[in-house]
Amino acid sequence: MRAHVVNGLTIVSVEGFGDRRIVHGFSTRGGGTSKPPFSSLNLAYHVGDDPQAVLKNRQLFFAALGLDLARSTWAEQVHGARVAVIDRAEVGRGALSADSVVPATDALVTNIPGTALAIMTADCVPILIFDPVRGAIGAVHAGWRGTLAKLAVKAIWTLQEVYGTQPSDCQVVIGPAIGPCCFQVGPEVVEKFAKHWAGDDLTFISRSAQGWYVDLARANSLILQGIGISDKNIFGGSHCTCCRSQQYFSYRRDQGRTGRMAAVIGLVE
Ligand SMILES: [Zn+2]
0 MRAHVVNGLT IVSVEGFGDR RIVHGFSTRG GGTSKPPFSS LNLAYHVGDD
50 PQAVLKNRQL FFAALGLDLA RSTWAEQVHG ARVAVIDRAE VGRGALSADS
100 VVPATDALVT NIPGTALAIM TADCVPILIF DPVRGAIGAV HAGWRGTLAK
150 LAVKAIWTLQ EVYGTQPSDC QVVIGPAIGP CCFQVGPEVV EKFAKHWAGD
200 DLTFISRSAQ GWYVDLARAN SLILQGIGIS DKNIFGGSHC TCCRSQQYFS
250 YRRDQGRTGR MAAVIGLVE
């Protein structure tokens, strides 16, 4: 994963992911207008920040990406397992205000040129998907619940159903998220994975003297490989939001009072 600075904002992206038809990027916390504890590039309306500051921050980030904020679509993320297909009537929902957001949805897919999909996170795993054959994209919000529900796989099945996507054609980026260094969980979370993922590779769970740790990036990579996505088409997964306090918001590190980054993927016109 590499960081580059555009207009004073640091954008993280992955070389080798996608082609000239798409733009993607993960925001970082600097260069925005929000005050503590949202300082400074908070991109979420729902966390209690000044909505005008959030809108300004979103405009700054989208300008840096070279994408049109008004043609981006945002979801009301609820740690659920619903995938929404974004057609022309839905484009732009949740971009300029909170009330038009796509309700109760944690994954978005589309194939409309000149539009983008956005997922907000601060520890949960943002996953971006590109099908270069069908020209379709997806964005997924996967915390441990979304990972347990295999939401990234569900998003790919939705791409297949709607656009004819073959998993083996897909490229995927796993964005900045809390790493196995910091994501300690209780035994009840481990039990859920062991129960619902029977037969799956559980090497993403480790145990130390302190307790159980889950590597959500690796878990998502494993389930995507399980449906035929090649290891060489799965990028990212190396930045821990909790460790990198200068770069990222972290819900766990900041004890819930913090901003959100956005993971964005857009299809160019
Ligand atoms: Zn860490």
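For the record, in the sequence shown the residue sitting at position 133 is 132 according to numbering that gives the first Met the number 0, with numbers rising by one throughout. Backbone N, C-alpha and C define an ideal beta-carbon position, used for all residues, glycine too.
Check	Outcome
Shorter than 7 Å, the distance from the beta carbon of C123 to the closest heavy atom of ligand 1, or not?	no
Go ahead and pull the three-state DSSP assignment for T109.	strand
Roughly how many whole angstroms lie between the Cα atoms of Y250 and S229?	31 Å
Helix or strand or just coil, what does DSSP make of L147?	helix
Just curious, the alpha helix (DSSP H) that V188 is in, first and last residue?	P186 to H195
Using DSSP bridges, identify the partner residues of R259.	Paired residue(s): none; R259 is not in a bridge.
Does DSSP put F16 in a helix, in a strand, or in coil?	coil
Less than 6 Å between C-beta atoms, sequence neighbours within five positions excluded: which residues of the same chain meet that for P175?	F25, H238, T240 and Y247
Which class does A83 belong to by DSSP, given the choice of helix, strand or coil?	strand
Do the region 13–21 and the region 30–47 make contact, defined as three or more Cβ pairs closer than 8 Å?	no
Say the cut is 7 Å; is the CB of G178 nearer than that to a heavy atom of ligand 1?	yes
Just to check, is the beta-carbon of C239 closer than 7 Å to a non-hydrogen atom of ligand 1?	yes
Measure the beta-carbon distance from I177 to A151 and round it to whole angstroms, keeping in mind my assumption that it falls under 8 Å.	That belief does not hold up - the Cβ atoms of I177 and A151 are roughly 16 Å apart, past 8 Å.
In the DSSP assignment, what are the bridge partners of C239?	A176
Can you tell me the Cβ-Cβ gap for S96 and V263, rounded? I've got them flagged as a contact below 8 Å.	With 8 Å as the limit, S96 and V263 do not qualify as a contact, their Cβ atoms being about 18 Å apart.
Just list the residues that DSSP pairs P125 with in beta bridges.	H140
Sorry if obvious, but does the Cβ on C169 come closer than 7 Å to a heavy atom of ligand 1?	no
Rounded to whole angstroms, how far is the Cβ of L64 from the Cβ of I10, which I believe are closer than 8 Å?	7 Å
What distance in whole Å lies between the Cβ atoms of A80 and G146, which are believed to be in contact at a cut-off of 8 Å?	One detail in the question is off: residue 146 reads as Thr in this sequence, not Gly. So it is not a contact: roughly 10 Å between Cβ atoms.
Would you mind sorting S207 into buried or exposed? The rule is 16 or more other CB atoms within 10 Å of its CB.	exposed
Which residue wins for smallest C-alpha separation from T109, given the options V90, K194 and V124?	V90
Among L116, I222, T104 and W196, which has the Cα closest to the Cα of R87?	L116
Below 8 Å on the Cβ atoms is my contact criterion, and I expect H78 with G142 to pass it. Report the Cβ-Cβ distance as a whole number of Å.	6 Å
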